[in-house]
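Novice: Residue numbers (the numbering used here): 8 to 305.
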Amino acid sequence: MAAEARDHVDLAQRVSSTTVLPRPSSTRIFVVANQKGGVGKTTTTVNIAAGLASKGLRVLVIDLDPQGNASTALNIEHTEGTPGVYEALVDGTDLDELVRPCPDLPNLTVLPASIDLAGAEIELVSLVARETRLDKALQAYLAECAEAGDRIDYVLIDCPPSLGLLTVNAMVAGREVLIPIQCEYYALEGLGQLVRNIDLVRTHLNKSLEVTTILLTMYDARTRLSAGVADEVRSHFGPKVLKTAIPRSVRISEAPSYQQTVLTYDPSSSGALSYLEAAREIAQAAPAAGPTTNGRSL
């Protein structure tokens with residue numbers, strides 16, 4: 008317990024010392040994907056986004072999961088019939104009509120998902136350029152924001168736990184893939200299929216797509232299993248694995264039920280501090296355009 012307390016204090020000091028994060032030289036678009044359920048995919052999406060936004064970076068979250076859990080955690084309305092990503096994909100509605108500000112984090116905006124998205128996989132099949140519809144809409148929106156002087160620094164796309172057309176749209180729109188991996192038995196199960204699909208998309212649809220970031224989640228320092236899985240993942244993916252591992256945390260689990268991220272629900276908790284540290288690692292790995300103040304480069 009004493010060691011855990013020291014680690015918590017050290018982490019808090021590192022996070023608090025990072026008052027601003029560097030802006031990337033251009034917008035970084037992350038696809039957060041893992042078709043294996045229960046790995047902390049949506050939790051990672053919203054908390055990394057919150058961590059980046061809390062440090063002055065402008066962030067857009069795209070909720071591509073029909074369950075809309077990312078929208079819920081960010082306190083965004085997404086009941087049936089609420090305009091969102093479905094309208095962008097199927098109807099071709101401009102994103103500037105659909106993106107909503109997150110009420111808890113000034114630098115964070117959200118393209119929400121509603122249950123209407125559940126039928127989009129079938130509807131997309133008959134549409135022209137079905138794999139590139141999100142990319143087209145997103146690039147137009149990013150260009151508008153940049154022209155208005157409000158360039159978005161990070162886009163995080165929360166994928167459904169499947170490898171259908173919604174996930175393909177995300178991979179065509181993205182440039183980097185962030186894969187959360189839980190530190191539990193069978194952690195690497197299914198990853199081979201995910202990597203093969205990423206390779207297929209890169210070969211045929213998006214040559215810029217790369218797996219750049221692996222985040223260990225649900226880490227329990229008390230168990231040999233977590234340590235063993237972490238070692239296995241690090242040996243397999245090398246420097247792509249962030250040094251920070253997200254611990255098992257009651258606060259992380261509780262936060263979505265209050266329509267919050269753990270960073271707003273309990274900012275001093277180990278879960279919040281770990282996600283902030285992971286966000287710092289991600290930001291510092293990018294070519295920088297300079298530090299930020301209130302979302303703008305100096």
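Here a beta-carbon is modelled for each residue, glycine too, at the ideal position from N, C-alpha and C.
Look up Asp98 in the DSSP assignment and say whether it is helix, strand or coil.
Specialist: Helix, per DSSP.
Novice: Are the beta-carbon atoms belonging to His85 and Gly99 less than 7 Å from one another?
Specialist: No; because the gap between Cβ atoms is not below 7 Å, this pair is not in contact.
Novice: Look at the Cβ atom of Ser78, then the Cβ atom of Ala120, and state whether they are nearer than 7 Å.
Specialist: Result yes, Cβ atoms of Ser78 and Ala120 sit closer than 7 Å.
Novice: The alpha helix (DSSP H) that contains Lys143, what's its start and end?
Specialist: Lys143 -> alpha helix (DSSP H) spans 140-154.
Novice: Nearest CA to the CA of Gly91: which residue from Lys247, Ser260, Ala127?
Specialist: Cα-wise, what sits closest to Gly91 is Ala127.
Novice: Among the residues of its own chain, which have a CB less than 6 Å from the CB of Pro108, if the five just before and after it don't count?
Specialist: Contacts found: Thr116.
Novice: Quick check: the stretch 172-186 against the stretch 208-216, are at least 3 beta-carbon pairs closer than 8 Å?
Specialist: Flag = yes, the stretch 208-216 and the stretch 172-186 touch.
Novice: Report the partner residues of Thr219 according to the DSSP bridge assignment.
Specialist: For Thr219, which the question treats as bridged, DSSP gives no partner whatsoever.
Novice: So, is the C-beta of Asp111 closer than 7 Å to a C-beta in chain C?
Specialist: Looking at the structure shown, chain C is missing, and only one protein chain is on hand.
Novice: Ends of the beta strand (DSSP E) at Thr116?
Specialist: 115-118 is the extent of the beta strand (DSSP E) around Thr116.
Novice: Are the Cβ atoms of Ile122 and Glu87 separated by less than 7 Å?
Specialist: The answer is yes: Cβ separation under 7 Å.
Novice: Can you tell me which of Leu270, Leu67, Glu154 puts its alpha carbon nearest to the alpha carbon of Gly58?
Specialist: Nearest option by C-alpha distance: Leu270.
Novice: Locate the alpha helix (DSSP H) running through Glu288, then write down its first and last residues.
Specialist: Here the alpha helix (DSSP H) through Glu288 covers 277-291.
Novice: Give the single residue among Ile83, Asp101, Ala194 whose Cα lies nearest to the Cα of Glu151.
Specialist: Taking only the C-alpha atoms, the option nearest Glu151 is Asp101.
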